[in-house]
Amino acid sequence: MVCFSYLIHNYSTNPHPEDNALPPDVVRALRSVAFSLKYSLCREGQEELGDWPELELPSVYRREKLLEDLSGLKEVVYHCCINTCVLFTGEYEEYNECPICQEPRRDNRKRPRNVFRYLPLIPRLQLLFRSPKMIEKTAISSKP
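Using the working numbering, the first residue of the sequence shown is number 1, and each one after it goes up by one.
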């Protein structure tokens, strides 16, 4: 969350609007994401924010896509057992049922019954260390 918080803060609170390369609608969308993160809004709460016409916000999907595009962080989604026994990756990638509990991988409409969402570590660290505050916090002092 620190990565996203830095990105959102950096783009949505620039005190010099002439320096801000993002259009106002994008800044509004980022502020709504910051609000959602700060107050731990569930998806339903985020969707309700978009229902207020005076806020002029894009859909939750569009806001997530915008954040993904700006941050460079791409979510990786893995199918997993409904009981979280295994991820259907590696040796289990072609399995249609869990090798442990024998639960089917997909529902009647061929969609995964459960998924695991993951943000890869290296891009998260790269984004994290774009923040001058974080660099300062983690810097090793050369003073005795």
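Glycine included, every Cβ here is placed at the ideal spot set by N, Cα and C.
Here the structure is a predicted model, which is why all the values come from computation and not from measurement.
(request) Could you spell out where the alpha helix (DSSP H) holding PHE35 opens and where it closes? (result) 24-38
(request) For VAL2, I'd like the list of residues in its chain whose CB is within less than 8 Å of its CB, leaving aside the five on either flank, ordered along the chain. (result) Caution applies to VAL2, whose pLDDT of 45 falls short of 50 and renders its modelled position unreliable; the value that the coordinates give is listed next. Contacts found: LEU128, SER131, MET134.
(request) Alpha carbon to alpha carbon, how far is GLU93 from VAL86? Give it in angstroms, no decimals. (result) 10 Å
(request) Please name the residue or residues paired with PRO104 in a DSSP beta bridge. (result) GLU97
(request) Just the C-alpha distance for GLU103 and ARG109, rounded to the nearest angstrom, thanks. (result) 15 Å
(message) Residues in the same chain with beta-carbon distance under 6 Å from HIS16, minus the five sequence neighbours each way, listed in chain order, please.
(response) The pLDDT assigned to HIS16 is 45, lower than 50, so where the model puts this residue is not dependable; a value taken from the coordinates is nonetheless given after this. If we look at HIS16 and ignore the five residues flanking it on each side, it has no Cβ neighbours.
(request) Kindly indicate which three-state DSSP category PRO132 falls into: helix, strand or coil? (result) helix
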